[in-house]
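**Q**
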Amino acid sequence: MLDFRIATFLQLCETRSYTKTAKLLDITQPSVTQHIKYLQKKYNCKLFSYEGKTLHLTPEGEYLRRQAEAMTKMSAKVVADLQRMTQQQAELRFGYPRELGEKAAAGIVTRLMSQQSMSILLETGSTEELLRRLENGQLDAVLCDKFCALPHLASAPAVKVRFGCFAAETFAATSPTFKRMLTKPLLLQDEGAGDRAVLGHLLQKKGMSFNDFDTVTCSNSAAVLQGMAAADLGVLFGYAPAMEQKGIAPVSIADMTEDRPLLFQFRKDGMDTEECRNFFEAFRSAWADWFANAEQ
């Protein structure tokens, strides 16, 4: 819906390189130059300037960037809405953080789809990644920890989930103190994960950081981290629904174990109010049903 040259402009804003922009868009460098010149002529202003060899946006260019990003998001929403209007079933694009457990996600969504008339497109990823996709209009709603929620997005209460420390069953059985936990390697999700952000927040309140542990091992694979914990190669902190590995058990640590509030986040100009309300209520019901059965 937008002028294709706007896409070139936004890409150049990101790369600050005509060569990289051309490569990413699979066009020639002269084409990139022509697109920018066209926009500068159309809007009668200079969009970029050089300081030495570094390309910078002018004030006019910065203004156009903000407006173009907003128009791009709105365009994506319009396209998605029109596509859904032509379908017999509405489709909801829902982001579920993988740090909450993909097995739980599958069970909950299976229940949702049996209850709901709408089709659900489930996407998993880190909380940070999903919220970015929500901002860009690529998702309709995202489940996230309240601590990670973005204030400029709309939100509604979802459910509560237990957050705490987990370790090998043999180590957990010794009821270790927090001081003793610090002598173990910390098994940590990569940046962008909600459980990592929450742990950092809880440690900060104690005047501590990740570096207070013996060592830190990072991975974007929950299976790898949980496997290491089960082998007593470290301790990890996370959400209880995500702990799928046999051989690990919770460790009760004061100030580090709590029921965390989860929120639904969505754009204020996005989902229909009634559509939101119906989906959120169905999700809460499916969540309760899944965990009631999982505990049996």
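Residues are numbered in this note's numbering as their position in the sequence shown, beginning at 1, plus a constant of 788. Beta carbons are placed, not taken as given, at the ideal position from N, Cα and C, and that holds for glycine. These numbers come from a predicted model, not from an experiment.
(1) Hey, GLU917 and GLY849 are a contact pair by Cβ (cut 8 Å); roughly how many whole angstroms apart?
(2) So, helix, strand or coil for CYS833, using DSSP?
(3) Among the candidates ILE815, ILE1041, LEU1021 and TYR1027, whose CA atom is the shortest distance from the CA of LEU974?
(4) Beta strand (DSSP E) containing GLY1015: first to last residue?
(5) Between the C-alpha atoms of LEU835 and LEU927, what's the straight-line distance to the nearest angstrom?
(6) Keeping to the same chain, check which residues put their C-beta closer than 7 Å to that of VAL947; ignore five residues upstream and five downstream.
(7) By Cβ distance below 6 Å, which residues in the same chain neighbour LYS891 in space, the five residues on each side in sequence not counted?
(8) Going along the chain, which residues of its own chain have a beta-carbon closer than 6 Å to the beta-carbon of PHE1001, five neighbours each way excluded?
(9) Following the continuous beta strand (DSSP E) through ASP933, name the residue where it begins and the one where it ends.
(10) Tell me whether LEU991 is buried or exposed, calling it buried when 16 or more other Cβ atoms sit within 10 Å of its Cβ.
(11) How big is the Cα-Cα spacing for SER1009 and SER863?
(12) Per DSSP, what are the beta-bridge partners of ASP1047 in this structure?
(13) Could you tell me if GLU887 is buried or exposed, where buried requires 16 or more neighbouring beta carbons within 10 angstroms of its beta carbon?
(14) Is the distance from the Cβ of PRO939 to the Cβ of THR915 below 8 Å?
(15) Of the residues ILE794, CYS1064 and GLN1053, which one's Cα is nearest the Cα of CYS932?
**A** By the coordinates alone:
(1) Not quite, the Cβ-Cβ distance comes to about 28 Å (not below 8 Å), so this is no contact.
(2) coil
(3) LEU1021
(4) No beta strand (DSSP E) contains GLY1015, which is instead part of the alpha helix (DSSP H) from 1010-1018.
(5) 31 Å
(6) LEU1050, ARG1072 and TRP1075
(7) GLU1032
(8) LEU970 and LEU974
(9) 929-933
(10) buried
(11) 34 Å
(12) ARG950
(13) buried
(14) no
(15) GLN1053
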